[in-house]
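I have placed the structure first, in the form of structure tokens, so that the comments after it can refer back to it.
Below, the structure is given as structure tokens:
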């Protein structure tokens with residue numbers, strides 16, 4: 039559905055995307071993951087024709103460079119910055135969006151209900167909270183009932199509850215058979231949602247894998263902060279060291295470095311050694 | 034939470050939307066721009082200020098009207114032209130300068146262009162919507178002056194008045210185009226506004242002062258002086274307006290006489306032509322720039 | 002309604018006349034009627050059209066009440082008067098020839114004491130031509146010109162060596178001039194002259210009294226040349242915007258008095274060329290309103306001995322100036338401690354005597370530059386030119402020598418002279434409709450934006 043080949047984007051001497059290639063199959067959900075500045079957002083913008091580029095981008099067999107309008111007509115897009123027209127009312131923004139897609143306002147009312155924006159119909163965009171804006175952005179993106187969704191950090195401005203709700207919605211959209219390409223740096227949230235993760239850094243692909251394999255692939259490590267009875271610390275450190283873990287003393291316990299996917303192993307070691315754990319925190 | 038009412042569209046073949054610019058999208062964008070403009074404070078500020086000033090001008094020129102209606106009309110027209118010369122370009126320039134740059138800065142432009150619209154539709158949509166808003170503001174002002182004049186001073190020169198209105202329309206769209214040209218080349222709305230105000234100063238004051246200075250210091254030949262003056266769109270407006278209510282430009286001293294002699298019947302078409310070029314070229318330049326600068 | 006009654010009355014009268022005169026269906030030949038008339042006879046013409054080319058060679062009165070039409074058929078002069086004491090009254094005269102050097106006229110008078118009264122002349126090259134016809138009266142006539150290119154037009158009224166004549170209450174539209182050659186002691190009063198070349202044109206005609214005329218929309222309102230002691234009083238002189246475009250032009254004049262005239266909206270209010278021409282003669286300009294002219298008063302260099310007082314100079318683009326620059330030395334801008342009112346006077350009157358406490362000085366920087374660089378007239382009335390003056394006032398680095406100094410400027414304008422005609426306010430339907438359309442257009446655009454659903 040989305041075919042990207044040798045995509046390169048430069049701003050002056052700065053190369054943001056460097057021969058980036060990616061294929062997203064129909065009904066596939068793919069996450070672009072990586073730190074800020076990795077080039078995730080730029081990929082999305084190139085697909086939408088919001089940025090010039092070198093290389094090839096095809097969407098549904100259409101060249102994004104020469105057939106931008108057709109390509110965009112199949113895409114629902116949620117932008118990271120959630121910018122609309124600050125002085126317009128919610129319903130007017132959606133109506134405008136619908137009119138640009140030649141869709142009548144009945145669809146807008148439907149989506150206002152779906153996204154529980156009814157109480158905010160006449161509010162100016164500038165008065166909306168981040169969560170409401172996010173819902174508005176999704177409503178706007180779904181107006182054309184698009185086969186493709188581009189979601190740029192779609193949960194970044196949500197609180198924990200809304201975030202859960204949003205992910206549930208995305209899962210539903212995925213299950214309907216839509217093609218989804220999203221960007222995130224909270225991989226753990228998106229793990230259940232996407233079929234594949236593309237990890238990026240400095241405009242290149244670092245690795246591609248299933249979400250569950252990501253941490254391993256990247257050799258990610260976390261730190262377990264284990265709170266113990268002061269008397270047990272020495273025993274715990276010895277047991278961990280014997281199994282090859284690096285455990286250091288901390289004010290209220292010990293800190294153990296472990297591979298992200300193997301946190302349980304360190305705990306097993308302690309259990310076997312008979313160390314009683316009072317509490318536990320994971321630092322990443 | 035169910036997002037869609039219909040079954041999704043995975044298997045469907047994607048409809049083929051033509052890439053060329055379409056009226057429908059342009060009009061939708063124009064309408065949105067116009068709505069925003071009309072709902073904004075500046076619009077009412079300009080429209081009311083202009084209408085009041087124009088109406089007041091028409092009224093103060095009237096004490097002489099019982100004595101000589103058409104003569105005081107000349108005075109009304111001259112004052113109106115002077116007012117238009119200052120206010121109308123400022124309206125057009127600032128509004129145009131804000132347009133693209135402000136939307137780009139706020140990110141709204143990205144929202145717009147993520148829809149199935151192309152740059153040409155977006156640009157001319159902005160242009161059309163803002164033009165309509167400006168024409169409404171200008172017409173309200175001219176209408177006010179016209180009503181006062183028509184009732185109280187008679188209008189042997191209704192035609193001249195309507196011609197001046199038409200010229201002011203062209204001027205305001207020309208200035209909008211210049212403003213949008215500035216906007217298309219500037220990333221920040223505030224710097225676009227700054228440039229626009231400077232350009233306004235240059236058109237209204239600096240250009241004329243420079244030419245006066247040059248003429249005084251170097252005995253510039255009248256033909257060069259005349260053409261350098263007409264090249265300024267605001268001066269082209271003034272000269273065309275003057276021509277339409279005085280009837281001839283030879284009241285403007287040697288340079289005016291030169292123009293009348295050298296260009297003969299082509300004089301007014303040339304001046305109005307300059308104005309029309311100003312209406313077209315900066316807009317087209319802004320459009321080309323907007324279309325070709327891919328990054329939003 | 003009124004028209005219909007008049008028409009019926011005319012018809013009835015025509016029938017009565019027809020009963021009296023069997024040939025009335027084909028009016029009799031006017032020349033025959035005149036030839037048959039005895040000197041001193043009064044011919045009341047029946048309604049109808051009479052052939053022109055008439056010559057009147059005896060002192061008779063020919064009259065009608067506007068129903069008798071004398072048609073020249075487009076050839077030669079329609080009526081020629083060769084005897085003194087002829088009266089023409091209430092006739093319609095039309096269709097002269099169009100040959101300028103043959104002086105084809107509507108009415109051509111060659112003898113003294115003619116009375117040409119209340120006639121209507123249409124489609125004539127010259128209208129009323131008095132040639133050596135002193136002590137005549139031309140009054141209440143309405144004169145329309147041939148519709149030909151301006152260089153081929155004749156004069157609506159032309160007097161030649163016809164001293165002491167009176168030209169009053171005529172309406173002349175189109176044509177060339179109302180011109181007076183070698184006519185002394187004329188009285189020109191209450192005429193309305195429009196759309197011609199020189200409204201009133203005096204050549205070598207002394208001591209004329211020109212009063213309460215309206216000279217509107219001509220190329221020049223009144224051109225006074227080579228004449229002495231003319232008095233122009235209470236005339237309305239407006240919208241004279243031709244290539245020279247003077248309200249009143251004075252060339253080689255002596256002793257003119259312009260008093261209480263309204264000089265409004267002309268290219269130049271008053272133009273002075275070598276006037277007065279004789280040493281020791283003064284000319285006086287008192288109580289005139291110079292308003293809305295491009296130039297209030299324009300002097301050629303070295304014009305002297307003109308005295309201006311109690312005039313108002315209101316909103317002329319250039320109030321007064323000397324062509325080619327320079328100062329008005331040798332002219333006076335006040336008399337006996339009374340100056341003029343200047344709309345751009347920036348002084349004050351602390352002692353409340355109605356006279357400004359500081360002199361009015363015309364010393365605009367732009368104006369000053371304009372004198373030496375007339376080409377920058379191109380910028381007159383631009384915001385830039387005004388800014389230049391403001392700047393010069395705020396930072397008086399360059400202080401031009403004032404070209405006019407009125408030592409006793411009047412704080413408030415003298416009451417404007419009563420116009421001789423109320424040109425009236427003619428509300429313009431076209432402009433009103435146009436303006437309302439503009440407002441409707443603006444309103445439509447604004448209202449078209451009320452469709453947003455957030456407003457519903």
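Chains as they are written, first to last, in this note's numbering: chain S, 39 to 322; chain H, 34 to 329; chain U, 2 to 457. For every residue, glycine included, the Cβ atom is placed at its ideal position computed from N, Cα and C. Note that the coordinates shown come from a computational prediction; the quantities given were computed from them, not determined experimentally.
Alpha-carbon spacing of residue 62 of chain S relative to residue 40 of chain S, whole angstroms: Walking along the first chain from the start, residue 62 of chain S turns up at place 24. Walking along the first chain from the start, residue 40 of chain S turns up at place 2. Taking the straight line joining both Cα atoms gives about 5 Å.
To the nearest angstrom, how far is the alpha carbon of residue 24 of chain U from that of residue 97 of chain U? Taking the first residue of the third chain as 1, we reach residue 24 of chain U at position 23. Taking the first residue of the third chain as 1, we reach residue 97 of chain U at position 96. Residue confidence for residue 24 of chain U is low, a pLDDT of 42 falling below 50, so the modelled location carries little weight; the figure read from the coordinates is stated next. If I take the Cα positions, the gap works out to 26 Å.
8 Å is my cut-off, CB to CB: does residue 125 of chain S come that close to chain H? Stepping through the first chain from its first residue, residue 125 of chain S is reached at position 87. Taking CB atoms only, residue 125 of chain S has a neighbour in chain H less than 8 Å away.
Distance cutoff 8 Å, beta carbons only. Does residue 226 of chain H sit that close to anything in chain S? Here the question's residue 226 of chain H lines up with position 193 in the second chain. Not one chain S Cβ lies under 8 Å of residue 226 of chain H.
C-alpha distance - residue 222 of chain U paired with residue 216 of chain H, whole-angstrom precision: The residue you call residue 222 of chain U lines up with position 221 of the third chain. The residue you call residue 216 of chain H lines up with position 183 of the second chain. Taking the straight line from one Cα to the other gives about 53 Å.
Among H/195, H/221, H/224, H/234, which residue has its Cα nearest to the Cα of residue 208 of chain H? For the purposes of this step, residue 208 of chain H is taken as residue 175 along the second chain, with counting starting at 1. Of H/195, H/221, H/224, H/234, the residue nearest in Cα terms is H/234.
Compare the Cα-Cα distances from residue 11 of chain H to each of S/216, S/120, S/103 and report the closest residue. Chain H is shown from 34 up to 329; residue 11 of chain H falls before or after that span and cannot be answered.
Distance, Cα to Cα, residue 107 of chain U vs residue 171 of chain H? Within the third chain, the letter at position 106 stands for residue 107 of chain U. Within the second chain, the letter at position 138 stands for residue 171 of chain H. Cα to Cα, the separation comes out at about 52 Å.
Length of the line joining the Cα atoms of residue 196 of chain S and residue 106 of chain S: As a working note, residue 196 of chain S is residue 158 in the first chain. As a working note, residue 106 of chain S is residue 68 in the first chain. Those two C-alpha atoms are separated by around 31 Å.
How far does the beta strand (DSSP E) with residue 284 of chain U in it extend, from its first residue to its last? Here residue 284 of chain U refers to the residue found at position 283 when the third chain is read from its first residue. That run of the beta strand (DSSP E) goes 284-287.
What does the alpha-carbon distance come out to for the pair residue 436 of chain U and residue 414 of chain U? Locating residue 436 of chain U in the third chain gives position 435, where the first residue counts as 1. Locating residue 414 of chain U in the third chain gives position 413, where the first residue counts as 1. If I take the Cα positions, the gap works out to 33 Å.
Reduced DSSP secondary structure (H/G/I, E/B, other) of residue 320 of chain U: Here residue 320 of chain U refers to the residue found at position 319 of the third chain. The answer is strand: DSSP assigns residue 320 of chain U an E or B state.
DSSP three-state label for residue 184 of chain U, please. Locating residue 184 of chain U in the third chain gives position 183, where the first residue counts as 1. Correct three-state label for residue 184 of chain U: coil.
Please report whether the beta-carbon of residue 234 of chain S lies at a distance below 8 Å from any beta-carbon of chain H. What you label residue 234 of chain S is simply residue 196 of the first chain in a count that begins at 1. Closer than 8 Å: no.
Three-state secondary structure assigned by DSSP to residue 225 of chain S: Residue numbering aside, residue 225 of chain S sits at position 187 when the first chain is read from its first letter. In this structure, DSSP gives residue 225 of chain S a helical state, which the three-state scheme calls helix.
Below 8 Å, can you find three or more Cβ-Cβ pairs linking the segment 148-163 of chain S to the segment 78-96 of chain S? Because the criterion of three Cβ pairs below 8 Å is not met, the segment 148-163 of chain S and the segment 78-96 of chain S do not touch.
Minimum Cβ-Cβ distance from residue 119 of chain S to chain H less than 8 Å: The residue you call residue 119 of chain S lines up with position 81 of the first chain. Yes, its Cβ sits closer than 8 Å to a Cβ of chain H.
Does residue 43 of chain U pass the burial test, meaning 16 or more other C-beta atoms within 10 Å, or should it be called exposed? For the purposes of this step, residue 43 of chain U is taken as the residue at position 42 of the third chain. By the 10 Å Cβ count, residue 43 of chain U comes out exposed.
Residues near residue 333 of chain U in its chain [Cβ-Cβ closer than 6 Å; skip 5 each side]: Here residue 333 of chain U refers to the residue found at position 332 when the third chain is read from its first residue. If the five residues before and after residue 333 of chain U are omitted, its C-beta is found closer than 6 Å to the C-beta atoms of 308, all from its own chain and listed in chain order.
Could you pull the start and end residues of the beta strand (DSSP E) that residue 56 of chain S belongs to? For the purposes of this step, residue 56 of chain S is identified with residue 18 of the first chain, where counting begins at 1. Bounds of the beta strand (DSSP E) holding residue 56 of chain S are 52-62.
Within 10 angstroms of the Cβ of residue 357 of chain H, are there 16 or more other Cβ atoms? Answer buried if so, exposed if not. An answer regarding residue 357 of chain H cannot be provided, because it is not within the stretch 34 to 329 covered by chain H.
Nearest CA to the CA of residue 81 of chain H: which residue from H/118, H/315, H/158, H/173? Translated into positions along the second chain, residue 81 of chain H becomes position 48. H/173 is the residue among H/118, H/315, H/158, H/173 whose C-alpha sits nearest the C-alpha of residue 81 of chain H.
Partner residues on chain H for residue 209 of chain U, Cβ-Cβ distance less than 9 Å: In the third chain, the residue the question calls residue 209 of chain U occupies position 208. Under the 9 Å cutoff, chain H gives no residues; its nearest Cβ is about 24 Å from residue 209 of chain U.
Cα-Cα separation between residue 272 of chain S and residue 311 of chain S, rounded to whole angstroms: As a first step, residue 272 of chain S is located in the first chain; it is residue number 234 there, counting from the start. As a first step, residue 311 of chain S is located in the first chain; it is residue number 273 there, counting from the start. Between the alpha carbons of residue 272 of chain S and residue 311 of chain S lies a distance of about 11 Å.
Identity of the residue in U/231, U/265, U/264 nearest residue 252 of chain U by Cα: Along the third chain, read from residue 1 onward, the residue named residue 252 of chain U stands at position 251. Restricting attention to U/231, U/265, U/264, the CA atom closest to the CA of residue 252 of chain U is found in U/231.
Residue from H/63, H/124, H/240 whose Cα sits closest to the Cα of residue 229 of chain H: Walking along the second chain from the start, residue 229 of chain H turns up at place 196. It is H/124.
Terminal residues of the continuous beta strand (DSSP E) containing residue 115 of chain S? Within the first chain, numbered from 1, the residue matching residue 115 of chain S stands at position 77. Start and end: 113-116.
Return the first residue and the last residue of the alpha helix (DSSP H) that residue 265 of chain U is part of. Indexing the third chain from 1 puts residue 265 of chain U at position 264. Residue 265 of chain U -> not in any alpha helix (DSSP H); beta strand (DSSP E) instead, spanning 263-265.
Pull out every residue of the segment 379-391 of chain U whose Cβ sits closer than 8 Å to any Cβ of chain H, in chain order. Listed in sequence order: 379, 380, 381, 382, 383, 384, 385, 386, 388, 389.
Under the rule that 16 or more other beta-carbon atoms within 10 Å means buried, what is residue 22 of chain U, buried or exposed? By one-based count along the third chain, residue 22 of chain U stands at place 21. With a pLDDT of 46 at residue 22 of chain U, under the threshold of 50, the modelled position of that residue is not reliable, and no figure is offered here.
Can at least three beta-carbon pairs, one atom from the segment 386-397 of chain U and one from the segment 264-279 of chain H, be found at a separation below 8 Å? When Cβ pairs closer than 8 Å are counted between the two stretches, the segment 386-397 of chain U is seen not to touch the segment 264-279 of chain H, the count staying below three.
Please state whether DSSP places residue 304 of chain U in a helix, a strand or coil. As a position in the third chain, residue 304 of chain U is number 303, starting the count at 1. Coil, per DSSP.
Residue 49 of chain U to residue 212 of chain U, Cα distance in whole Å? Translated into the one-based positions of the third chain, residue 49 of chain U becomes position 48. Translated into the one-based positions of the third chain, residue 212 of chain U becomes position 211. Roughly 37 Å separates the two Cα atoms.
State the beta-bridge partners of residue 288 of chain S as determined by DSSP. As a working note, residue 288 of chain S is residue 250 in the first chain. Its beta-bridge partners are S/291.
Counting along the chain, where does the alpha helix (DSSP H) carrying residue 64 of chain H start and finish? By one-based count along the second chain, residue 64 of chain H stands at place 31. It spans 56-72 - the alpha helix (DSSP H) in which residue 64 of chain H sits, taken as one unbroken run.
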